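Q: Dumping the structure here so I can ask a few things about it.
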Amino acid sequence: MHLALTLDFRFLGAVVVVLLLFGLSAINHKRAYHEERGALEQEREERQGEVYSARVYRQVILTVFRPLSPLTTLVTGVGGRYGTVARMGGLFGVDAPDDPRPFKTQTLVRVNPFLAGVLSLDFSHLVLLFFSLLAIFLTYDAVCGEREQGMLRLCWSHSVPRFRLLFGEYVGMLVTLLLPLAVMIFLWLIILRLPPSLPLEGADYARLALIVGFTVLFVSGFIFLGLWVSASTRSSATSLALLLVIWVGLVVVYPLSLPVLVRASLADGATTSGGIFQPWTPERGDALWQQNLRLFHSMERLMWLVPTTSYVMSCEALAQSDAGAHIRFVSQARWQNGQLKGWQEEKLRLYPGRDSFYENTPLDLSNLPTPHYEPESLGESLDRALPAVVTLLVFNLIGCVGGLRAIMTYSPTM
Amino acid sequence: MLMLLVAKEIQKRFYDLRFFLLLAVSLVMGITATAISMREYRHRHGEYVRLRSQAEQQTTLDRTYVVKPPNPLLFIRDGEQDAPILLKMEPAILHYVESADTTERPPIETAIPFDWAFLIVYVYSFLAVLMTYDSVVGEKQSGTLPLVLAGSCRRWTVILACFIGNVVVLWVPLLLTVGLSLLMILLVGQIELGAREWLRIGIALMLSGLFITIMGAVGLFASTVFYRASTALVVSLILWIGMVIVFPNGVRLAVESWGRVPSLHELQENLEGARRVKWGGLSLSGELLWAAVTYPGLTESQREKLIAAVQAKTYADHEQVLEKFAVTTGQILASYHREVSQQAERIRLFSRFSPAFSYQFALEGMIPAGYVRHAQFLAAAERYLDSYTTVARRLRQLLRPQARVEGGFTRFTYKGKVYQLNGIEKISYAHVPFDRSQLPRFQMPLPSLSEAAVGAAWDILALILWTGLLFVGTCVAFLRYDVRA
Numbered sequence: 006m007h008l009a010l011t012l013d014f015r016f017l018g019a020v021v022v023v024l025l026l027f028g029l030s031a032i033n034h035k036r037a038y039h040e041e042r043g044a045l046e047q048e049r050e051e052r053q054g055e056v057y058s059a060r061v062y063r064q065v066i067l068t069v070f071r072p073l074s075p076l077t078t079l080v081t082g083v084g085g086r087y088g089t090v091a092r093m094g095g096l097f098g099v100d101a102p103d104d105p106r107p108f109k110t111q112t113l114v115r116v117n118p119f120l121a122g123v124l125s126l127d128f129s130h131l132v133l134l135f136f137s138l139l140a141i142f143l144t145y146d147a148v149c150g151e152r153e154q155g156m157l158r159l160c161w162s163h164s165v166p167r168f169r170l171l172f173g174e175y176v177g178m179l180v181t182l183l184l185p186l187a188v189m190i191f192l193w194l195i196i197l198r199l200p201p202s203l204p205l206e207g208a209d210y211a212r213l214a215l216i217v218g219f220t221v222l223f224v225s226g227f228i229f230l231g232l233w234v235s236a237s238t239r240s241s242a243t244s245l246a247l248l249l250v251i252w253v254g255l256v257v258v259y260p261l262s263l264p265v266l267v268r269a270s271l272a273d274g275a276t277t278s279g280g281i282f283q284p285w286t287p288e289r290g291d292a293l294w295q296q297n298l299r300l301f302h303s304m305e306r307l308m309w310l311v312p313t314t315s316y317v318m319s320c321e322a323l324a325q326s327d328a329g330a331h332i333r334f335v336s337q338a339r340w341q342n343g344q345l346k347g348w349q350e351e352k353l354r355l356y357p358g359r360d361s362f363y364e365n366t367p368l369d370l371s372n373l374p375t376p377h378y379e380p381e382s383l384g385e386s387l388d389r390a391l392p393a394v395v396t397l398l399v400f401n402l403i404g405c406v407g408g409l410r411a412i413m414t415y416s417p418t419m
Numbered sequence: 228m229l230m231l232l233v234a235k236e237i238q239k240r241f242y243d244l245r246f247f248l249l250l251a252v253s254l255v256m257g258i259t260a261t262a263i264s265m266r267e268y269r270h271r272h273g274e275y276v277r278l279r280s281q282a283e284q285q286t287t288l289d290r291t292y293v294v295k296p297p298n299p300l301l302f303i304r305d306g307e308q309d310a311p312i313l314l315k316m317e318p319a320i321l322h323y324v325e326s327a328d329t330t331e332r333p334p335i336e337t338a339i340p341f342d343w344a345f346l347i348v349y350v351y352s353f354l355a356v357l358m359t360y361d362s363v364v365g366e367k368q369s370g371t372l373p374l375v376l377a378g379s380c381r382r383w384t385v386i387l388a389c390f391i392g393n394v395v396v397l398w399v400p401l402l403l404t405v406g407l408s409l410l411m412i413l414l415v416g417q418i419e420l421g422a423r424e425w426l427r428i429g430i431a432l433m434l435s436g437l438f439i440t441i442m443g444a445v446g447l448f449a450s451t452v453f454y455r456a457s458t459a460l461v462v463s464l465i466l467w468i469g470m471v472i473v474f475p476n477g478v479r480l481a482v483e484s485w486g487r488v489p490s491l492h493e494l495q496e497n498l499e500g501a502r503r504v505k506w507g508g509l510s511l512s513g514e515l516l517w518a519a520v521t522y523p524g525l526t527e528s529q530r531e532k533l534i535a536a537v538q539a540k541t542y543a544d545h546e547q548v549l550e551k552f553a554v555t556t557g558q559i560l561a562s563y564h565r566e567v568s569q570q571a572e573r574i575r576l577f578s579r580f581s582p583a584f585s586y587q588f589a590l591e592g593m594i595p596a597g598y599v600r601h602a603q604f605l606a607a608a609e610r611y612l613d614s615y616t617t618v619a620r621r622l623r624q625l626l627r628p629q630a631r632v633e634g635g636f637t638r639f640t641y642k643g644k645v646y647q648l649n650g651i652e653k654i655s656y657a658h659v660p661f662d663r664s665q666l667p668r669f670q671m672p673l674p675s676l677s678e679a680a681v682g683a684a685w686d687i688l689a690l691i692l693w694t695g696l697l698f699v700g701t702c703v704a705f706l707r708y709d710v711r712a
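Protein chains in written order, with our numbering: chain A, 6 to 419; chain B, 228 to 712.
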């Protein structure tokens, strides 16, 4: 019955609009990805061999890059907003004498400050906003609407078990919503193939499959929720009202309030903006990094609590486009900076005074640590996304059990 | 008759559950958004006070900083979360853009501000469409409309009453939400509101009402055109998605694809080019000194005078190079900023065909907030740069002997005597005490209401035109309605 809906021109119209929107976003994200990758390659070429022209150990600056995954064109996340290049000076300032900091990250992404407020949607946010809403519109009258029309009484007068009715509705709606989702993914794959093409590797396909899996879980959770509410109310209007209130809370209010809630957890006097005027000290640098870690983990924990933020978080973790991927990159780069520091200390013991005393002879660069970024493996990404996936599973389970309980005790009489 | 029909429409809507849904969602979200914005304002105000006091302490004749005060009406429209609040300036150089350095950036930023504009554009307008989509078509389906039209009621009276009734019903939750939010702001007292702010809040409320009227009219239009409620719902939702999301995103995509702005990397390259020119100009050639030292037929004192003249010329040349470098750097940054803002202007120009964005731009112009406010801050910073540069240059000339000069030298020995030519690479006044009262104070004046109205005129006009267009469209569709269909 619900599959017939997919042939309805109104449903097709809504899907076409979503696809159009998604197509536009995907093209835009692909263009931005190419632009950033080009900038990263250029930067990498310029930094290549930089270390071999150093004549004093102060000039040995290592650079490590975090190439973005092609999946960021699907799930943009924070992308390269927090930096994809880390510069390490070990014992010395990267931009000395102007800046004493021995470790710096920088972004190659240009965010036009004048375009704040123009909503840029990626796959996970489209699913979050539209598919959850579509799920609600499909389910709000699934049980109570049938009761209003008298169909439920008729249906239950036959030997159809109640749970079968619930699962029948569920499967029909899930398939109805999965069809446009499949088309979206297919469209994205076509856009990636369009010149300049952006090929995916084997692991990317596995990540994509998991993102699709999380999306199915998320949509399924909303269908269960809709059926539960529909089976707990007597009129379809009440059901729709209740579901829309839940939708607004889960999809809009909670995710947008998160940064404020996290910032509220900061101690009085602590600040989230960089201390531009405070003189940099290694202790202050470490304290700020620890504070950023604390903020990130608080944010992460708050995201696990709710299925909507959990869904976005799990997709971004799989696409390696979340703040967690950035934290991993910075942690690795900071560790390598420590290695470089140790290497410099050793070399300066061997060649005292060569930190700044200029000699036009090449430096001894033996055993110099090689800067590299180890991207997250699929298992590690899954590990990170696990609490969010558990939340999605619990969301489904609660919706399913709640729906079953409600339908078992539902009275079909007018 | 008109009043009777309006009362009937209002009564019908008031008893509809969707009205309570709209009211509940609007109140919950409005109050949450206001609470979050108040907290955000307190946070930004604290940052502003801290940064301003530090900026004052750090001001020297080499550099100064300007800090953007927070917008007290950010609960209505923010839109400045990606814009820098602190700009560094040196004589002739305004650093428009935040540096690419992200080392200390907290990883919890959100790209979407939770303010009234967001609530009204993305949630309230959606619920407004849901409220009105079955206003006429519901009566068509239930058979009430043909009965009403069979009486002595004129068609235009019926549709006008329907329009007015729906608008009134849509305005009620808006007024209640705004009223409660303002009451909350007054009670908490974190944001101080003067008469000017109250006037602007009033205008923002009118604009919000106008926008809600448009979105309600979208539903009403679909309701009048179609004969099935479900068709009217889907068509109005498609119109909503098109106006609120697809069109502005499409415009952004098109403009960003066709009108490319130089990347941060290109900007860095241009700046590096200017640095290379500077270092080329500051390179010391011993040829002039050599010529002065070996010039034949000069007495010792004449030779010393000639060497001193060569030294003085080198200093003057280098100071000129440094001056020119500052001007070139300033021009590169200004040109980059121009291109970025021109791109944003182009996007805004075409986006305003969507009522959702005309509304946001009109709000930004009238409050002011977002792009408009940041552009005003930059304009004020440019004016301040001019006066700071003038004063700093004058004081630098007066205090030149106290300046710390760094630079290289070239040296050679001739007939057992060592000759040295010094250059200048950097002249620092950072440690030189000076009378700070001579420096101008940075001010960011709020434009008058008439100036703001002129700036937002096109957007307000677009909103009025949309209302008129949809009203006329609805009336025409209703007048052509065939009761037999």
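Beta carbons: idealized from backbone N, C-alpha and C, even for Gly.
Here the structure is a predicted model, which is why all the values come from computation and not from measurement.
To which residues of the same chain is L26/A closer than 8 Å at the C-beta, ignoring the five residues directly before and after it?
A: Around L26/A: L126 and L131.
Q: Check Q111/A in the structure and name its three-state DSSP category.
A: Three-state DSSP puts Q111/A in a strand.
Q: What residues in its chain sit with their C-beta under 8 Å from that of V348/B, if we drop five residues either side in the sequence?
A: Around V348/B: F438, V471, A583, Y586 and Q587.
Q: Below 6 Å CB to CB, which residues in the same chain sit around F636/B once its five sequence neighbours on both sides are set aside?
A: Excluding positions up to five away in sequence, the list reads Q647 and N649.
Q: Can you check the region 330-383 of chain B for any beta strand (DSSP E) of at least 3 residues that lies completely inside it and give the ranges in chain order?
A: Counting whole runs of 3 or more residues, the region 330-383 of chain B contains no beta strand (DSSP E) stretch at all.
Q: Can you list the residues of chain B that T110/A reaches, using a CB-CB cut of under 8 Å?
A: Those within 8 Å of T110/A in chain B are D328, T329 and T330.
Q: Run the CB neighbour count on H34/A, radius 10 Å, all protein chains shown included, and call it buried at 16 or more, exposed below.
A: The residue is buried, with at least 16 neighbouring Cβ atoms inside 10 Å.
Q: Return the chain-ordered ranges of every alpha helix (DSSP H) run that is complete within the region 640-709 of chain B and spans a minimum of 4 residues.
A: Counting only runs of 4 or more, we get 676-706.
Q: Between which residues of its own chain and L203/A is the CB-CB distance below 6 Å, once the five residues before and five after are set aside?
A: Closer than 6 Å at Cβ, skipping near neighbours: P75 and L197.
Q: Residues of chain A with CB under 9 Å from L480/B, in chain order?
A: Neighbours of L480/B on chain A, chain order: L29, S30, I32, N33 and R36.
Q: Taking buried to mean at least 16 other C-beta atoms within 10 Å of its own C-beta, is L612/B buried or exposed?
A: Answer is buried; the Cβ neighbour count reaches 16.
Q: Locate the alpha helix (DSSP H) running through M713/B, then write down its first and last residues.
A: For chain B, the structure presents residues 228 to 712; residue 713/B sits outside this window and is missing.
Q: Shorter than 8 Å from the beta carbon of M256/B to some beta carbon of chain A?
A: So yes, M256/B belongs to the interface.
Q: Within 10 angstroms of the Cβ of E307/B, are there 16 or more other Cβ atoms? Answer buried if so, exposed if not.
A: Under this definition E307/B is a buried residue.
Q: State the CB to CB distance for the pair F128/A and L205/A, rounded to an integer number of angstroms; the pair is presumed to be in contact (CB under 8 Å).
A: With 8 Å as the limit, F128/A and L205/A do not qualify as a contact, their Cβ atoms being about 14 Å apart.
Q: Take L222/A as the anchor and find which of V65/A, R158/A and T313/A has the nearest alpha-carbon.
A: Minimum Cα distance to L222/A is reached at T313/A.
Q: May I ask which residues mark the beginning and end of the beta strand (DSSP E) holding Y292/B?
A: Note, Y292/B: beta strand (DSSP E), T291 to V294.
Q: Kindly indicate if chain B contains any beta-carbon less than 8 Å away from that of Q337/A.
A: Answer no: the Cβ-Cβ gap between Q337/A and chain B never drops below 8 Å.
Q: Going by DSSP in three states, D209/A sits in which element: helix, strand or coil?
A: The answer is helix: DSSP assigns D209/A an H, G or I state.
Q: Is the Cβ-Cβ distance between L690/B and L402/B less than 8 Å?
A: No, these two residues do not count as a Cβ contact at 8 Å.
Q: Who are the near neighbours of W285/A in its chain, counting only those whose CB is closer than 7 Å to its CB and skipping five residues on each side?
A: Answer for W285/A: P105 and R106, listed in chain order.
Q: Mind listing which residues of the region 39-59 of chain A have their C-beta closer than 8 Å to chain B's C-betas, in chain order?
A: Cβ contacts with chain B come from E40, A44, Q47 and E48.
Q: Counting only beta-carbon separations shorter than 8 Å, does S262/A have a partner in chain B?
A: Answer yes: the Cβ-Cβ gap between S262/A and chain B drops below 8 Å somewhere.
Q: In this structure, does DSSP put D544/B in helix, strand or coil?
A: Helix, per DSSP.
Q: In chain order, what residues of the same chain lie with their CB nearer than 6 Å to the CB of G347/A, ignoring the 5 residues before and after it?
A: No residues qualify anywhere along the chain.
Q: Between which two residues does the beta strand (DSSP E) carrying F70/A extend?
A: Its beta strand (DSSP E) spans residues L67 to F70.
Q: Buried or exposed: where does Y57/A fall if 16 or more other Cβ atoms within 10 Å of its Cβ makes it buried?
A: Per the 10 Å Cβ criterion, exposed.
Q: Indicate the three-state DSSP secondary structure (helix, strand or coil) for M256/B in the structure shown.
A: Helix at M256/B.
Q: Flag this pair as yes or no: are the beta carbons of L413/B and L249/B separated by less than 8 Å?
A: Not in contact: L413/B and L249/B (Cβ atoms no closer than 8 Å).
Q: Which residues in chain B sit within 7 Å of V253/A, going by Cβ to Cβ distance?
A: Chain B residues near V253/A: V252, M256 and V350.
Q: Evaluate Y242/B with the Cβ neighbour count: other Cβ atoms within 10 Å of its Cβ, from every protein chain shown; 16 or more gives buried, anything less gives exposed.
A: Exposed, since its Cβ has fewer than 16 Cβ neighbours within 10 Å.
Q: How would you call I468/B, buried or exposed, if buried means at least 16 neighbouring beta carbons within 10 angstroms?
A: When all chains shown are included, I468/B counts as buried.
Q: Pull up the CB-CB distance for F552/B and A501/B, whole angstroms please, since I reckon it's below 8 Å.
A: Going by Cβ atoms, the distance from F552/B to A501/B rounds to 6 Å, so yes, they are a contact pair.
Q: Report yes or no: is there a C-beta of chain A within less than 8 Å of the C-beta of I472/B?
A: It does: the Cβ of I472/B has a partner Cβ on chain A nearer than 8 Å.
Q: Along the alpha helix (DSSP H) that carries V478/B, what are the first and last residues, could you check?
A: Note, V478/B: alpha helix (DSSP H), F474 to W485.
Q: Given L298/A, which residues of its chain have a CB within under 8 Å of its CB, disregarding the five upstream and five downstream residues?
A: Counting only Cβ-Cβ distances below 8 Å, and skipping sequence neighbours, we find I332.
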